[in-house]
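This report refers to the structure that appears directly beneath it.
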Amino acid sequence: MPEALHQLDAIDLAARLRRRELSAREIVQAHLDRIEQVNPTVNALVTLDPEGALSAAALADERLVRGAAVPPLHGLPIAFKDTHLTRGMRTTHGSPLFADHVPDEDELLVDRLQRAGAIRLGKTNVPEFAAGSHTFNPVFGTTRNPYDTTRSAGGSSGGAAAALAAGLQPLADGSDMGGSLRNPASFCNVVGLRPTPGRVPRHPGGDLWDTLSVPGPMGRTVADTALLLSAMAGPDPRCPIGLETPGEAFRVPLDGELRGLRIAWTPDLGGHAPADPDVLAVLEPQLRVLEELGCRIDTACPDLTGADDTFRTLRAHSFALALGALLDSDRQALKPSIVQNIEQGRRLTAADLRTATVTRSRLYLDTLDFFSRYDLLLTPVSQVTPFDAELEYPREVAGRPTHSYLDWMRSAYLISVLGVPALSVPAGFTPGGLPVGLQFIGAPRADLAVLRAGHAYESATRHGRRRPDLPTA
13 MPEALHQLDA
23 IDLAARLRRR
33 ELSAREIVQA
43 HLDRIEQVNP
53 TVNALVTLDP
63 EGALSAAALA
73 DERLVRGAAV
83 PPLHGLPIAF
93 KDTHLTRGMR
103 TTHGSPLFAD
113 HVPDEDELLV
123 DRLQRAGAIR
133 LGKTNVPEFA
143 AGSHTFNPVF
153 GTTRNPYDTT
163 RSAGGSSGGA
173 AAALAAGLQP
183 LADGSDMGGS
193 LRNPASFCNV
203 VGLRPTPGRV
213 PRHPGGDLWD
223 TLSVPGPMGR
233 TVADTALLLS
243 AMAGPDPRCP
253 IGLETPGEAF
263 RVPLDGELRG
273 LRIAWTPDLG
283 GHAPADPDVL
293 AVLEPQLRVL
303 EELGCRIDTA
313 CPDLTGADDT
323 FRTLRAHSFA
333 LALGALLDSD
343 RQALKPSIVQ
353 NIEQGRRLTA
363 ADLRTATVTR
373 SRLYLDTLDF
383 FSRYDLLLTP
393 VSQVTPFDAE
403 LEYPREVAGR
413 PTHSYLDWMR
423 SAYLISVLGV
433 PALSVPAGFT
443 PGGLPVGLQF
453 IGAPRADLAV
463 LRAGHAYESA
473 TRHGRRRPDL
483 PTA
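Listed below in structure tokens is the structure:
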């Protein structure tokens with residue numbers, strides 16, 4: 013049987029390309045074939061440009077033949093999240109209002125990845141305006157979990173995560189405000205990094221000073237995720253919060269020991285985010301793996317008092333800023349939960365915003381103090397396993413009813429408030445075969461340390477090597 017190119021890691025594909033054992037055209041065609049076979053089942057890619065991708069692959073091959081130096085993602089296919097602007101290719105945001113919107117520019121992240129050699133396949137599905145951690149919208153419908161197509165793939169980067177798991181692309185870009193990158197990684201048994209704010213600059217954008225929503229990389233392995241981060245990261249003068257570390261700092265070997273690391277584990281973020289028993293049944297045995305790798309593990313958590321209200325206040329404020337004009341002009345075209353989010357933001361007072369800002373500052377300083385005692389914090393990524401794809405959100409978590417689509421996401425969004433890097437790594441499966449992710453959290457700007465820890469754990473467990481068994485068209 014010929015080798016299944018769609019199953020190979022991005023780093024492996026890149027190396028074979030450079031040795032000219034494979035061509036970019038072969039790699040792109042293999043992924044286009046895979047998309048044709050299984051995308052109708054998972055609905056992860058919603059816009060596709062096969063002719064453009066093959067044409068770009070031919071140019072990539074010609075560059076290698078000429079002996080020219082090639083960038084790190086040379087010849088690797090990628091479909092961009094359908095909230096990221098792509099020149100000449102529609103960007104719908106999952107909304108009927110933008111169903112035919114074709115931008116005339118690439119946003120910074122898209123431009124960087126293409127300059128790094130990535131070949132654009134198309135776009136990945138998102139919830140409407142990326143609101144919520146379940147990927148469905150009135151334009152393209154629902155993205156299905158490749159491990160169980162009756163279940164959610166998570167969101168808002170659900171199309172990206174499902175495409176990775178299903179072998180439709182070797183790398184994926186995402187974004188994360190309250191878990192939009194980490195939850196789908198957990199649900200789909202792939203890796204996703206929410207970087208330190210400013211690590212991956214954003215442009216254009218409404219609020220360039222925003223640190224709650226960040227772009228980030230996804231892959232099937234931690235090393236692939238770090239490779240993609242290396243092409244995303246680095247300063248840009250148009251991003252005022254951008255960190256100065258160049259992207260090349262993440263294109264390094266991740267091998268190393270965990271022996272001696274001080275790790276804090278919390279199953280429920282100090283009581284603020286209880287998880288379902290089936291999630292903890294998968295994660296708690298993983299602590300023994302880390303102990304065998306030489307880590308010292310305590311049960312501990314930073315004080316997150318006020319983090320929930322702070323996140324919800326800042327999130328509502330961002331919705332009012334970004335989408336308020338659409339509420340005024342096209343209210344009937346917005347789903348009810350988005351209307352509620354915008355209206356909540358408009359009801360905020362100066363006192364509400366001051367309280368959120370002061371509380372977030374206190375939380376940040378408390379977090380710095382916590383990481384002076386611990387190297388890492390480990391938590392569940394998601395409080396639930398992948399839920400019924402026909403639901404907007406799970407109706408209860410750990411025996412408690414949910415009242416909004418945010419209530420089940422606390423284990424992710426409470427971390428967003430802290431301004432720290434957080435990595436979702438595959439951690440095993442429930443008896444019913446549903447993936448569960450473990451969240452590796454580090455001190456602010458300790459992205460590389462988090463990646464190295466996740467890589468060591470991944471190497472010891474290899475949970476991410478279990479692939480879904482998908483029917484083909």
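Going from the sequence shown to my numbering is simple: count from 1 and add 12.
Note that beta-carbon positions come from the ideal geometry of N, C-alpha and C, so glycine has one too.
Bear in mind the structure is a predicted one, so any value in this text is a computation, not a measurement.
Exercise. Going by beta carbon distance, what residues of the same chain come within less than 7 Å of Ala175, once the five residues before and after it are set aside?
Worked result: Ala56, Leu57, Ala91, Thr136, Gln181, Ala184
For this session: Reducing DSSP to helix, strand and coil, say where Arg132 ends up.
Result: strand
Exercise. Can Thr208 and Arg457 be called in contact, C-beta distance under 7 Å?
Worked result: yes
Exercise. Which runs of the alpha helix (DSSP H) fall wholly inside the segment 94-169 and span at least 4 residues, in chain order?
Worked result: 120-127
For this session: Using only alpha-carbon positions, find the residue among Gln298, Leu121, Gly228 that is nearest to Gly204.
Result: Gly228
Exercise. How should Met13 be labelled, buried or exposed, when 16 other C-beta atoms within 10 angstroms of its C-beta is the threshold for buried?
Worked result: Model confidence at Met13 stands at a pLDDT of 38, short of 50, so the residue's coordinates are unreliable and nothing is read from them.
For this session: Grab me the residues of Lys347's own chain with a C-beta within less than 7 Å of its C-beta, minus the 5 sequence neighbours each way, in chain order.
Result: Glu140
Problem set entry | Residue from Val448, Pro447, Arg479, Gly440 with nearest C-alpha to Ala472 | Gly440
Exercise. With a Cβ-Cβ cutoff of 7 Å, do Pro190 and Ser416 count as a contact?
Worked result: According to the sequence shown, residue 190 is Gly rather than Pro. No, these two residues do not count as a Cβ contact at 7 Å.
Problem set entry | Reduced DSSP secondary structure (H/G/I, E/B, other) of Ser436 | strand
Exercise. How do the segment 27-44 and the segment 61-80 stand: do at least 3 beta-carbon pairs fall below 8 Å, yes or no?
Worked result: yes
Exercise. Using the rule of at least 16 other Cβ atoms within 10 Å of the residue's Cβ for burial, across every protein chain shown, is Gln126 buried or exposed?
Worked result: buried
Exercise. If you check the beta carbons only, do Phe399 and Ser164 fall under 7 Å apart?
Worked result: yes
Exercise. What are the partner residues of Thr484, as DSSP defines its beta bridges?
Worked result: Thr484 is not bridged to any residue.
For this session: Using 10 angstroms around the beta-carbon of Ala316, count the other beta-carbons present and answer buried if the total reaches 16, otherwise exposed.
Result: Going by the sequence as given, residue 316 is Leu instead of Ala. Buried, since its Cβ has 16 or more Cβ neighbours within 10 Å.
Problem set entry | Inter-residue CB distance, Ile131 and Ala72 (contact presumed, cutoff 8 Å) | 7 Å
Problem set entry | Buried/exposed call for His18, threshold 16 Cβ in 10 Å | buried
Exercise. Would you call the CB atoms of Ser169 and Val393 closer than 7 Å?
Worked result: no
Problem set entry | Proximity to His467 [Cα-Cα], best of Pro216, Leu335, Pro84, Pro265 | Pro265
Problem set entry | Cut-off 6 Å between Cβ atoms - residues of its own chain near Tyr386, not counting five sequence neighbours on either side | Arg274, Ala276
Exercise. On the three-state DSSP scale, how would you describe Ser471?
Worked result: helix
Exercise. What is the DSSP secondary structure of Val370, counted as helix, strand or coil?
Worked result: helix
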